[in-house]
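First residue of the sequence shown: 1, per this note's numbering; consecutive thereafter.
Think of the CB as a built atom: it goes at the ideal place given N, C-alpha and C, for glycine as much as any other residue.
Small disclaimer: the values here were computed from a predicted structure and weren't measured.
Below is one structure, written out as structure tokens; the observations come after it.
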Amino acid sequence: MSKEAWRMLGLKKAFWVALFSGMLAFYCFSLAWSQELLTLEEAVNKAISHAKEVLNAQDKYQIAQLDLEISKSTDFSPAVNVEGFVPLCGDAQSSVALAISDTIYLKGASKEERLAQLALQNTQDELIKTQEEIKVQTISTYCSLLQAQEDLKLIQKNLELARKLYEDEKLRFEQGNTSHSSLLELEEGVKEKEALLAQQKEYIVSLTRELNLLLGNSLDTPFQLAPLPDFETLPHPDFDEVVDSKLAISTEKKSLLREKESYQIELEELAKQKKVGVSLFAEYQEEDTS
């Protein structure tokens with residue numbers, strides 16, 4: 001084959017390589033453009049709106065609101081009865097029974113209403129706690145994924161540097177300017193960094209699926225995280241454990257206080273029931289003067 005033929009073949013090869021590279025770059029650019037740019041605020045709001053735990057807590061809160069309205073419509077008005085006997089005029093041996101009854105209208109909330117108010121407050125606290133837990137979990141996953149992506153870039157740079165050092169050392173070895181053990185050591189370093197890169201990519205896939213699960217998306221839905229300002233100053237991802245514990249303690253304390261209050265309401269109600277009933281029985285008989 002002549003030199004001209006070789007030159008034309010080389011030009012054709014270069015053309016197809018350039019065309020393929022351009023198409024690949026365009027595909028990558030289009031893929032990145034089509035991905036959703038997800039901000040931290042959007043992620044938190046979407047996770048809260050899709051979380052089954054939050055939806056269940058909202059249902060319980062709405063039911064507690066209805067129970068409170070029903071309890072307000074329940075009227076508790078104890079009746080007081082007074083009974084007695086009144087003698088007939090001129091007849092000491094005869095008398096008529098007299099009974100008087102009236103209803104006492106109590107002021108303030110009834111027992112049922114007060115207990116319903118406590119139940120409503122408990123469900124409201126549980127709803128807030130559930131929302132905060134989802135919020136903390138989403139922030140933690142979002143920040144962990146951002147950090148993992150930054151770590152991936154660093155690992156890739158270290159791998160590129162390790163490969164370059166290995167190629168340089170290989171050239172020196174071929175020239176007889178270095179030992180075989182030194183070359184093997186650099187080769188082992190390249191393999192370790194390649195394994196670390198693969199491990200980091202798997203970790204990113206795992207975090208991406210975890211965040212998609214929180215957002216209510218399919219596990220492999222692509223998205224692009226919006227960078228955070230002052231990312232280095234953000235709390236460590238493990239801060240969610242501290243927040244969870246504080247939320248749990250706060251909610252448990254409120255629940256115990258309301259449970260104590262409900263017992264006090266029950267005791268007050270028992271005391272009222274003992275004092276509600278008032279009855280009077282009397283009889284008058286004229287003295288015998290004969």
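- When the alpha-carbon of residue 126 is set against those of 178, 53, 225, the nearest one is in 53.
- Every unbroken stretch of the beta strand (DSSP E) spanning 3 or more residues and falling wholly within the stretch 33-72 is given here in chain order: 36-38.
- Cβ neighbours of residue 226 within its own chain (closer than 6 Å, five residues either side excluded): 37, 39.
- Counting C-beta pairs closer than 8 Å gives three or more between the stretch 53-62 and the stretch 109-127, which meets the contact rule.
- Ranked by Cα distance from residue 210, the first of 109, 132, 139, 128 is 139.
- Of all C-beta pairs linking the stretch 126-135 to the stretch 64-73, fewer than three are shorter than 8 Å, placing the two stretches out of contact.
- Only residues of its own chain outside the window of five on either side were considered, and among them 200 have a CB closer than 7 Å to the CB of residue 151, listed in chain order.
- Three or more beta-carbon pairs drawn from the stretch 153-161 and the stretch 189-206 are found closer than 8 Å, and the two stretches are therefore classed as touching.
- Counting only the Cα atoms, residue 115 lies some 30 Å from residue 49.
- Residue pairing from DSSP places residue 223 in a beta bridge opposite 36.
- Pairing residue 190 with residue 162 gives a Cβ-Cβ distance under 8 Å.
- In the three-state scheme derived from DSSP, where H, G and I count as helix and E and B as strand, residue 123 is classed as helix.
- Judged by DSSP secondary structure, residue 189 falls within the alpha helix (DSSP H) whose first and last residues are 180-215.
- Under the three-state reduction of DSSP, residue 177 is assigned to coil, being neither helix nor strand.
- A residue is called buried when at least 16 other Cβ atoms come within 10 angstroms of its Cβ; residue 169 meets this threshold and is buried.
- DSSP, reduced to helix, strand and coil, places residue 109 outside both helices and strands of the structure shown, so it counts as coil.
- Counting only the Cα atoms, residue 58 lies some 50 Å from residue 192.
- Here DSSP, grouped into helix, strand and coil, assigns residue 140 to helix.
- Cβ neighbours of residue 113 within its own chain (closer than 8 Å, five residues either side excluded): 68, 71, 72, 74.
- In the structure shown, the three-state DSSP call for residue 159 is helix.
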